[in-house]
Amino acid sequence: MSELHKFIFDGLPVRGMIVRLTDAWQEILKRRAANTGTGAYPAPVCDLLGEMAAAAVLMQGNIKFNGALVLQIFGDGPVKVAVAEVQPDFSLRATATVVGDLPDGATLSQMVNVNNVGRCAITLDPKDRLPGQQPYQGVVPLFGDQHEKLEKLSDVLEHYMLQSEQLDTVLVLAADDQVAAGLLIQRLPVLGENNLAGQSNEDEIGLNEHYNRIAILAKSLKREELLTLDVDTVLRRLFWEEQVLRFEPFVGDTGPRFACSCSRERVSRMIRSLGVEEAESILAERGHIEVGCDFCGQQYHFDPVDAAQIFTAPDAQPPVEPIVH
Ligand SMILES: [Zn+2]
Numbered sequence: 000m001s002e003l004h005k006f007i008f009d010g011l012p013v014r015g016m017i018v019r020l021t022d023a024w025q026e027i028l029k030r031r032a033a034n035t036g037t038g039a040y041p042a043p044v045c046d047l048l049g050e051m052a053a054a055a056v057l058m059q060g061n062i063k064f065n066g067a068l069v070l071q072i073f074g075d076g077p078v079k080v081a082v083a084e085v086q087p088d089f090s091l092r093a094t095a096t097v098v099g100d101l102p103d104g105a106t107l108s109q110m111v112n113v114n115n116v117g118r119c120a121i122t123l124d125p126k127d128r129l130p131g132q133q134p135y136q137g138v139v140p141l142f143g144d145q146h147e148k149l150e151k152l153s154d155v156l157e158h159y160m161l162q163s164e165q166l167d168t169v170l171v172l173a174a175d176d177q178v179a180a181g182l183l184i185q186r187l188p189v190l191g192e193n194n195l196a197g198q199s200n201e202d203e204i205g206l207n208e209h210y211n212r213i214a215i216l217a218k219s220l221k222r223e224e225l226l227t228l229d230v231d232t233v234l235r236r237l238f239w240e241e242q243v244l245r246f247e248p249f250v251g252d253t254g255p256r257f258a259c260s261c262s263r264e265r266v267s268r269m270i271r272s273l274g275v276e277e278a279e280s281i282l283a284e285r286g287h288i289e290v291g292c293d294f295c296g297q298q299y300h301f302d303p304v305d306a307a308q309i310f311t312a313p314d315a316q317p318p319v320e321p322i323v324h
């Protein structure tokens, strides 16, 4: 089962989180693979989207915010857009649009930053948005200080965290076709920092030492370890000399899990709203009606009998929500 664990280092201004998406991630890939229009993700896209999903859960877990966190990459290469969306209850979905062929073992820049104009956007969309209120959005490029192309999503996001929240962060991300996982370590702002200039500087140097030590340990975590080891083992291996205090993990009903608002029922309502004539002309042309969800890839198939039922069912009423998303 997918899980999110939060922890702190006793007495130190450092916190951490680790996420492992298993069933939730596999469901996302299964829907995509079953979509006859798109087929499965190429392996490099699968790895990128998995890292995005894991990172989005960590970022949602890191803020106190009642709304969706949406992590998007707008690419200038074959991957046009990749999106991971996580709700405050950690339900999530993710998708990517791929146009054309990818080189084997494509790098991040070969996928989304060919001309160095790809970008990454983080949007916080409040649940109870007031009229006229815009969601908050931060955008960072996919290059570093010297305009060099970044080849790791974690580097892009660390940059974002530093820029938007002024928080030193270490992120380690990894994904394959079974697991999407991530580790986040963050230096917490110290209360009263900058108040008593002389003293707090000294304190800060001392506290930074702790953060730096923990950050180095975190960065030593290998992709294979993150993908294959359970959370207890990872934390024990990395921080066995540290006083790690762990919180109740988020698993099962409270943990990360796949959710998309699409359903066969909703798609039926949409087809009903097209009207009988339109539906019949699609059936005449293609022999069936095929509707794919833009956000999770789930494909809904209606043969002529299914379609007829949509229009003859006793509950056939005027559409309530004509749009799937
Ligand atoms: Zn869907």
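Under numbering that gives the first Met the number 0, the first residue of the sequence shown carries the number 0, and numbering increases by one thereafter. The beta-carbon is built from N, C-alpha and C at its ideal position, and this holds for glycine as well.
Proximity winner among the options, relative to residue i (alpha-carbon distances)
i	options	result
A23	A42, E2 and Q71	E2
V97	A105, S90 and D167	A105
G74	K63, F64, Y40 and V111	V111
L220	D167, L234 and A307	L234
E284	L187, C292, P134 and D302	D302
L28	D305, P102, L47 and F246	L47
T122	F246, Y159, Q185 and D229	Y159
N211	R186, D176 and L228	R186
Q86	K63, G99, P43 and L101	K63
V189	L152, I288, Q165 and V80	Q165
P102	D154, V56, L161 and P41	P41
R256	Q162, D88, Q109 and G36	D88
Q177	E241, C45 and I288	C45
S153	I288, A55, L273 and H287	A55
Separation of residue j from residue i, as counted between CA atoms
i	j	result
Q297	C261	8 Å
D144	L156	14 Å
L226	A217	15 Å
D252	M58	19 Å
A180	L282	43 Å
F142	R118	9 Å
G66	G60	12 Å
I72	E277	36 Å
V275	N34	25 Å
V69	V78	17 Å
V304	M269	17 Å
A32	D100	17 Å
A174	Q133	32 Å
R236	V243	12 Å
D229	L20	11 Å
K126	G38	33 Å
G131	A307	42 Å
M16	R30	28 Å
D231	E247	13 Å
E224	C292	34 Å
Own chain partners of residue i with C-beta closer than 6 Å, once the 5 adjacent residues on each side are dropped
i	result
S267	I309
R92	E84, C259, F294 and C295
V138	R118 and A120
E279	none
D167	R186
V82	Q71 and T94
R222	A173
Cut-off 7 Å between Cβ atoms - residues of its own chain near residue i, not counting five sequence neighbours on either side
i	result
W239	none
Y299	R263, V266 and V290
Assumed close pair residue i, residue j - CB separation to whole angstroms, cut-off 8 Å
i	j	result
V169	A214	5 Å
E26	L172	Not quite, the Cβ-Cβ distance comes to about 19 Å (not below 8 Å), so this is no contact.
L107	L149	7 Å
Same chain, Cβ closer than 8 Å to residue i, five either side skipped, listed in chain order
i	result
H209	F8, L11, P12 and V13
Q136	A120, I121, T122 and L123
M0	T21, D22, V250, G251 and G254
H146	N115
Notebook entry, point to check: Fully enclosed by the segment 25-97, which beta strand (DSSP E) runs are 3 residues long or longer?
Noted result: 66-73, 78-85 and 90-97
Next item on the list: Please list the segments of the alpha helix (DSSP H) lying wholly inside the segment 205-258, counting only runs of 4 or more residues, in order along the chain.
Entry: 222-227 and 230-238
Checklist line | Those runs of the beta strand (DSSP E) which lie wholly inside the segment 274-313 and span at least 3 residues | finding: 288-291 and 298-301
Margin query: For a minimum of 4 consecutive residues, which ranges assigned as the alpha helix (DSSP H) are wholly contained in the segment 151-196?
Written below: 152-164
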